[in-house]
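FYI, numbering that gives the first Met the number 0 numbers position 343 of the sequence shown as 342, with every residue one higher than the one before it.
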Amino acid sequence: MDLDNRLTHVAVIGAAGKMGSGITLLMAQEMARLTLLPENKGKLFRLEAIDLDPEALRGLQDYIHSQAVKAAEKNAISLRTLYADRKDLVENGEIIEDFVRRVESMVWPSTDLLAAKGARIVFEAIVEKVPVKVQVFKQLREICDPEAFFFTNTSSVPIGLLDKEVALGGRIMGVHFYNPPPVQKLVETIRGATTRDDVAQTAAELGKRLRKSLIPSADVAGFIGNGHFIRDGHHAIAEVEKLAEKHGWPSAVWMMNRVSQDWLLRPMGIFQLIDYVGVDVFQFIEGVMDHYLDEKLTNATINKMMELKAGFFEYERGKITGVYDPAKRAYLPLDPKGWTGAADKALGELPQPFRPWKALLQAPDKDAALALHFKALADSKTLGAELARVYHQRSREIGKGLVSRGVAAKPEDVNGVLTSGFYHLYGPINDYLEAGVSR
Numbered sequence: 000m001d002l003d004n005r006l007t008h009v010a011v012i013g014a015a016g017k018m019g020s021g022i023t024l025l026m027a028q029e030m031a032r033l034t035l036l037p038e039n040k041g042k043l044f045r046l047e048a049i050d051l052d053p054e055a056l057r058g059l060q061d062y063i064h065s066q067a068v069k070a071a072e073k074n075a076i077s078l079r080t081l082y083a084d085r086k087d088l089v090e091n092g093e094i095i096e097d098f099v100r101r102v103e104s105m106v107w108p109s110t111d112l113l114a115a116k117g118a119r120i121v122f123e124a125i126v127e128k129v130p131v132k133v134q135v136f137k138q139l140r141e142i143c144d145p146e147a148f149f150f151t152n153t154s155s156v157p158i159g160l161l162d163k164e165v166a167l168g169g170r171i172m173g174v175h176f177y178n179p180p181p182v183q184k185l186v187e188t189i190r191g192a193t194t195r196d197d198v199a200q201t202a203a204e205l206g207k208r209l210r211k212s213l214i215p216s217a218d219v220a221g222f223i224g225n226g227h228f229i230r231d232g233h234h235a236i237a238e239v240e241k242l243a244e245k246h247g248w249p250s251a252v253w254m255m256n257r258v259s260q261d262w263l264l265r266p267m268g269i270f271q272l273i274d275y276v277g278v279d280v281f282q283f284i285e286g287v288m289d290h291y292l293d294e295k296l297t298n299a300t301i302n303k304m305m306e307l308k309a310g311f312f313e314y315e316r317g318k319i320t321g322v323y324d325p326a327k328r329a330y331l332p333l334d335p336k337g338w339t340g341a342a343d344k345a346l347g348e349l350p351q352p353f354r355p356w357k358a359l360l361q362a363p364d365k366d367a368a369l370a371l372h373f374k375a376l377a378d379s380k381t382l383g384a385e386l387a388r389v390y391h392q393r394s395r396e397i398g399k400g401l402v403s404r405g406v407a408a409k410p411e412d413v414n415g416v417l418t419s420g421f422y423h424l425y426g427p428i429n430d431y432l433e434a435g436v437s438r
């Protein structure tokens, strides 16, 4: 069965969630495009958008409409090519309106898993809990087309485990989109030991059609992206625990967040990233990795934050306004003339000349600027530079460890995931600093 025929009936499970909604949009757009090709004339295309929350499904419909309009307006020229035979549609506005209608017509919202009956491709984007995934896949196995292919968006659960528990006969593969799926180019692809060749080939062809950059990961819990992210976060927490003895917990969190963002030139600090992903999601992922790997990967601080139902920071319009203080069970407002200023003073000046991540992202001299930054970082004697050098070295060790354990086939794959999926300016496996940094 070729891909076009498989795409005549698709289901997305968890369609109204953060990841599921983006996958639903991508698939609806591709299916709408297929309806315009002469070879698909007469074929019916249907996308089952399945979610337990009816209110969220109503929001999904609004999301599909608004995003389809934006995408169609952006790609108006290529749409004109698709509509070349439609002499009744002349203006760009008419073509855009028709295409958006097609995209919306693909999507059939439902709260009933039985709606997936007969689906030939099924995307799963539900909660990162093994028992829940296994239960849902067992139901889908009975409901769907007997030759349906299953693509799980899991960011940590081994694919081989799911196939073994559900008995899908190799018809399952990890297709891990990054958030948000319509924007992020990276997709980690994970074959289990039993994943069939035709399933992998279909995933590769679909990824190509969606103009995604596919990076393969071995079927090891956490894969490449979260294999690095979880360990990277644990390093930052360990450093906070040391700094807190002298500076206090809120100051230590603030300091390490700044070091990871400003000194290491990342788009956001490590604790902002954990908040963005969700402390609960971070805990789920580390729990899966801890269970399936011979390495302690749960963290007392993360468990405590979950008990307190708190994130590391308080935000207003996306900007940090406070740092959580577990001792007081409250957020401590930022105070540039008080504790925040003292923490910044303790870190010292940034390496000079300094250009932030945003300024370097599209800079034509990015590589030269990075080399200059890290030379200054290597020579700096400040506490911030010292913390950054150790952090950088630990990040490098984590990346090299992913290669040595066979999670990533080569250093370029680790670097590709971190630059494409996490928007880092550089991959962790690099020679910017000497390898033997220590404290």
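In this text, a Cβ means the ideal position worked out from N, Cα and C, and glycines have one as well.
These numbers were taken from a predicted model, which means no experiment stands behind them.
Look up residue i in the DSSP assignment and say whether it is helix, strand or coil.
i, result
"Ile-319", "strand"
"Val-9", "strand"
"Gly-191", "coil"
"Glu-294", "coil"
"Glu-285", "helix"
"Tyr-62", "helix"
"Gly-435", "In this predicted model, Gly-435 has a pLDDT of only 40, less than 50, meaning its place in the structure is not dependable; the value taken from the coordinates is given anyway. If DSSP states are grouped into helix, strand and coil, Gly-435 belongs with coil."
"Leu-382", "helix"
"Lys-175", "Checking the displayed sequence, the identity of residue 175 turns out to be His instead of Lys. Reduced to three states, the DSSP call for His-175 is strand."
"Leu-35", "coil"
"Ser-250", "helix"
"Val-102", "helix"
"Glu-146", "coil"
"Ile-120", "strand"
"Pro-410", "helix"
"Ser-259", "helix"
"Pro-53", "helix"
"Thr-300", "helix"
"Thr-201", "helix"
"Arg-79", "helix"
Suppose you measure from the CA of residue i to the CA of residue j; what does that come to, to the nearest Å?
i, j, result
"Arg-438", "Leu-56", "Only weak support exists for where Arg-438 lies, its pLDDT of 39 falling under 50; the value from the coordinates is given anyway. Distance between the alpha carbons of Arg-438 and Leu-56: 52 Å."
"Arg-119", "Val-9", "6 Å"
"Arg-195", "Pro-37", "31 Å"
"Pro-352", "Ala-375", "8 Å"
"Gln-361", "Val-276", "25 Å"
"Leu-2", "His-175", "19 Å"
"Leu-424", "Thr-153", "25 Å"
"Ala-368", "Asp-231", "24 Å"
"Met-105", "Glu-306", "42 Å"
"Gly-21", "Gln-66", "10 Å"
"Ile-273", "Asp-378", "30 Å"
"Asp-162", "Met-304", "33 Å"
"Glu-285", "Leu-401", "16 Å"
"Leu-359", "Tyr-323", "31 Å"
"Gly-19", "Leu-112", "15 Å"
"His-372", "Ala-192", "43 Å"
Going by the beta-carbon positions, is the gap between residue i and residue j smaller than 8 Å?
i, j, result
"Pro-410", "Leu-417", "no"
"Val-102", "Ile-63", "yes"
"Gly-41", "Ile-125", "no"
"Ala-217", "Val-287", "no"
"Gly-347", "Leu-382", "yes"
"Val-406", "Gly-226", "yes"
"Phe-312", "Gln-271", "yes"
"Val-198", "Met-172", "yes"
"Phe-149", "Glu-123", "yes"
"Leu-35", "Thr-7", "no"
"Val-165", "Arg-140", "yes"
"Tyr-262", "Ala-384", "Position check: residue 262 holds Trp in this sequence, whereas Tyr was assumed. Yes; because the gap between Cβ atoms is below 8 Å, this pair is in contact."
"Phe-222", "Glu-127", "no"
"Thr-320", "Pro-335", "no"
Quick one: what's got a C-beta closer than 8 Å to residue i's C-beta in the same chain, skipping five residues either side?
i, result
"Val-436", "The predicted position of Val-436 is uncertain, since its pLDDT is 43 and thus under 50; no value can be drawn from it."
"Ile-95", "Val-68, Ala-71, Glu-72, Ala-75, Leu-78"
"Ala-434", "With a pLDDT of 41 at Ala-434, under the threshold of 50, the modelled position of this residue cannot be trusted; read the value that follows with caution. Cβ within range, chain order: Gln-392, Arg-395."
"Lys-116", "Ile-142, Cys-143"
"Glu-240", "Ala-251, Thr-300"
"Asn-39", "Asp-3, Leu-33"
"Ala-27", "Leu-46, Ile-63, Ala-67, Val-102, Glu-103, Met-105, Val-106"
"Leu-414", "Looking at the sequence shown, residue 414 is not Leu but Asn. For Asn-414, where only same-chain residues beyond five positions count, the Cβ hits under 8 Å are Gly-398, Tyr-425, Gly-426, Pro-427, Ile-428, Asn-429."
Excluding the 5 residues preceding and the 5 following residue i in the sequence, name in chain order all residues of the same chain whose CB lies nearer than 7 Å to its CB.
i, result
"Gln-260", "Met-267, Gly-268"
"Leu-209", "Leu-25, Glu-29"
"Gly-420", "Tyr-177, Gln-183, Leu-185, Gly-224"
Spell out the partners DSSP gives residue i in its beta bridges.
i, result
"Trp-107", "Glu-47"
"Ala-329", "Asp-324"
"Pro-335", "In the DSSP output, where bridge partners are listed per residue, Pro-335 has none listed."
"Glu-90", "Answer is none; Glu-90 lacks a bridge partner."
"Val-131", "Per DSSP, none; premise fails for Val-131."
"Phe-312", "Val-322"
"His-350", "Here residue 350 turns out to be Pro, not His, going by the sequence shown. Its beta-bridge partners do not exist; DSSP assigns none."
"Leu-213", "Val-186"
"Thr-418", "Thr-418 is not bridged to any residue."
"Thr-151", "Glu-123, Gly-173"
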